[in-house]
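All residue numbers in the sequence shown are consecutive under UniProt numbering, ending with 379.
For every residue, glycine included, the Cβ atom is placed at its ideal position computed from N, Cα and C.
Note that the coordinates shown come from a computational prediction; the quantities given were computed from them, not determined experimentally.
One structure is given here, and the rest of the page talks about it.
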Amino acid sequence: MTRAAPRGPAAATVLPGFLDAHVHLALIDPAPLTAGGIARVLDLGGWTPSGPESPGSRESGEPQEPQGSPSSPVPVEFDPRASRTRPQAANSAEGRAGLPEAVFAGQFLAAPGGYPSGRSWAPAGSIRLVARATDAAVVVDAQLVLGASVIKVTLNSAAGPVLSDGLLSAIVARAHEHEMPVAAHAEGAGQALRAFRGGVDALAHTPFTERLDDALLAAMAGRMTWISTLDIHGYGEPDDDFDRAVDNLRRFHRAGGQVLYGTDLGNGPLPVGLNRREIDALLAAGLTGDDVIRALTAEHLGRFRNVLRAPGRPGPERHGPAPADPGRLVTLLRGERPDDPAAFSAWLCTARAADAAEAAEATEAHRSHRCHRARSGRE
């Protein structure tokens, strides 16, 4: 009887750390993320780092003075310590403790009474209401002190008041002085256009309220980034918003716009890890497999360099060349990329986050096994 040869270590593919560019860490247990293939996250509101350096945060239904006395920081269990005041901890074993690298936007910046005010899911203190353009510098600087890498504004006219054009432009201008991009939740007729005209750098969701015309999409593609979040429209049972979003994303991508993989994790029944439905929706929108990998591994948000990586050391290098760091997480996938496009999504979903040393061990073990098999075959 012929015995099968021992299988040995399986082949592995190593890619840069996969990113979910739209999560809400305060609304989930992040522990399964790395095993589920996510090495990096961008929190887009609702989470701020705990610790005495965190400035106060408030929400009320009335216009506020941003200079008021601080209240306690938002109490959360997850603290990847991505603040500029503690940058080394973001990538250390002690600071990461099996969790993904994290960069974040800090508080939602909203008009008084604006979204997500009054939402039960919004953690206490996670919203900063802004009434005057003269307050823009104060509220943006407050997020900088928190350690934010991105500023998040809300323009949801379907849910309440929105920032005025002048206030939006003032927030964007101040953020850009700090070399920080601005991401907007744009929902409601005309809000994506307002975000573009106001200088916003990224849309936190692919526009789904309305079909955008080709001329606007072409202009947006020249300088904006879109974060996909397609699967939240139906969670596997596509609705009209899903169809509009896919149509807009297809034409935006065709025009050359940057697309990032993001899920809005924390919003509804989404897997804590890679979401195959989101990947399939991106492919349905015309992205190739290579495009999807780029959407998952981006480190730059438009012209803002390395803003999607947790800082590896203090100082202005955050927006310069990313320092080599063997402690950073990478993505380890089973086997080699399949030739069959139909198998691509399933292969991506074998991913798990690993440190560089573990990834090197896995690939070296497979290489050594193949060399041993080859030598045995010649003997």
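Restricting attention to Leu-216, Ala-195 and Glu-361, the CA atom closest to the CA of Ala-255 is found in Leu-216. Within the same chain, Cβ atoms closer than 6 Å to the Cβ of Pro-161 are found at Ala-111, Gly-113 and Gly-114, the five residues on either side in sequence being excluded. The Cβ neighbour count for Asp-240, taken over all protein chains shown within 10 Å, is under 16; the residue is labelled exposed. Taking one beta carbon from each stretch, the stretch 207 to 216 and the stretch 284 to 302 have fewer than 3 pairs nearer than 8 Å; the two do not touch. The three-state reading of DSSP puts Pro-161 in coil, since its state is none of H, G, I, E or B. For Trp-121, there is no enclosing alpha helix (DSSP H), as DSSP marks it with neither H nor E.
Of the residues assessed, Gly-262 falls on the buried side of the cut-off, its CB having 16 or more other CB atoms within 10 angstroms.
Looking from the CA of Ala-124, the closest CA among Gly-46, Val-41 and Arg-277 belongs to Gly-46. For the options Leu-308, Leu-99 and Phe-242, the alpha carbon positioned closest to that of Ala-183 is the one of Leu-308. Collapsing the DSSP output to three states places Glu-187 in a strand. Fewer than three beta-carbon pairs drawn from the stretch 18 to 30 and the stretch 157 to 174 are found closer than 8 Å, and the two stretches are therefore not classed as touching. Exposure of Glu-237 is indicated by the presence of fewer than 16 other C-beta atoms within 10 angstroms of its C-beta. In the structure shown, the three-state DSSP call for Gln-143 is helix.
Within the model, the alpha-carbon separation for Ala-356 versus Thr-13 is close to 12 Å.
Between Gly-268 and Tyr-235, the C-beta spacing is below 7 Å. For Asp-243, DSSP assigns no beta-bridge partner whatsoever. Going by DSSP, Phe-104 is part of the beta strand (DSSP E) stretching over 101 to 104. By DSSP's assignment, Arg-128 forms a beta bridge with Leu-109. Judged by DSSP in its simplified three-state form, Pro-16 adopts strand. One thing to note: His-178 has its Cβ no nearer than 7 Å to the Cβ of Leu-155. Shortest Cα-Cα distance from Ala-281 to any of Gly-36, Val-330, Arg-294 and His-233 involves His-233. Under the three-state reduction of DSSP, Thr-331 is assigned to strand. When Ala-102, Arg-194, Leu-270 and Asp-247 are compared, the shortest CA-CA separation from Ala-284 is found for Asp-247. The DSSP-derived three-state label of Thr-350 is coil.
Between His-176 and Val-140, the alpha-carbon positions lie close to 10 Å from each other.
Shortest Cα-Cα distance from Ser-126 to any of Ser-228, Leu-249 and Leu-27 involves Leu-27. Looking only at Val-138, Ser-345, Asp-339 and Thr-331, the smallest Cα-Cα distance to Ala-360 is reached by Thr-331. Comparing alpha carbon positions, the residue from Ala-173, Leu-42, Phe-108 and Gly-335 closest to Leu-301 is Leu-42. Taking C-beta separations shorter than 8 Å and ignoring five residues to either side along the sequence, the partners of Phe-196 in its chain run Leu-216, Ala-219, Met-220 and Met-224, following chain order. Going by DSSP, Val-259 is part of the beta strand (DSSP E) stretching over 258 to 260. Taking a C-beta distance under 7 Å as the contact criterion, Val-172 and Gly-190 do not qualify as a contact pair. With distances taken between CA atoms, Gly-166 lies nearest to Ala-133 out of Ala-133, Ala-186 and Arg-174. Counting along the chain, Arg-276 sits inside the alpha helix (DSSP H) bounded by residues 276 to 284.
Burial state of Ser-120 is exposed, judged by a 10 Å Cβ sphere holding fewer than 16 other Cβ atoms. With a 10 Å radius around the Cβ and a threshold of 16 neighbouring Cβ atoms, Glu-101 comes out buried. Restricting attention to Arg-250, Asp-214 and Thr-206, the CA atom closest to the CA of Thr-229 is found in Thr-206.
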